[in-house]
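Each remark here refers to the structure printed beneath this line.
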Amino acid sequence: MKPSTAMRAAGEAGYAPGVLSGRPLAFVLLAWSLLRIIVKTLTGRVTGLVQFHRNYAAERLAPISKDERLALAQFSSCIACGRCDVGEANRISQSNGEYPGLMQLVLASTRNIPDYDAAARGFAHVPDEELDRKVIRCPVRFPFAQLASFVRKKSSQDGSDHNA
Ligand code: SF4
């Protein structure tokens, strides 16, 4: 069985199984992690956002800013009623698979930032004015245009963008 991150950290901290458990173990692990971060910082080793970019740029996973985190909270209000898909049949059929309908974009296609390229292609099939009109029909007044804008912005970032 593959050891968990906590167990690997415990091993690095010199922990022998059965010696500590519960809060004492948690305290030792947290203290060890803090010590490692301090040493890495003092010795100039890369940590934090720069390390994040190094780890995830290849997957095109861009960090989320504070404002974007607030926006993301708005994007989870959909109750999957399907009303925003009414009248979308033509756009869906003419999109050659790029546009699965608005509800699908809202609920699934925008859940994973590395998939935003595909989501942006989907949104490209719906004019912004139509996105605005859909808000009135949506029972939760979902902010379609804001989500489309968010998706376009994040899909244009390559993950190595340090100003994300
Ligand atoms: S109309 Fe609104 S609540 Fe219904 S599926 Fe579309 S986004 Fe979700």
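If you read the sequence shown in the working numbering, its first letter stands for residue -17, the second for the next number, and so on.
Glycine is no exception: its CB is placed at the ideal position from the N, C-alpha and C atoms.
Its chain contains T29 as the residues whose beta carbon lies nearer than 7 Å to that of T23, once the 5 sequence neighbours on both sides are disregarded; these appear in chain order.
At least one heavy atom of the ligand SF4 lies closer than 7 Å to the C-beta of I61. Within the region 42 to 99, not a single complete beta strand (DSSP E) segment reaches 3 residues in length. Remark: C-beta atoms of A102 and V68 do not approach each other more closely than 8 Å.
Sequence-distant partners of L89 (beyond 5 residues in either direction) whose C-beta falls short of 8 Å from its own C-beta, in its chain, are C60, A62. If the five residues before and after P96 are omitted, its C-beta is found closer than 7 Å to the C-beta atoms of E41, R42, L43, all from its own chain and listed in chain order. Taking C-alpha positions only, P45 is separated from G83 by approximately 27 Å. Of the residues assessed, S58 falls on the exposed side of the cut-off, its CB having fewer than 16 other CB atoms within 10 angstroms. Within 10 angstroms of the beta-carbon of V108 lie 16 or more other beta-carbons, which makes it buried. Taken from the Cβ of P121, at least one heavy atom of the ligand SF4 lies inside 7 Å.
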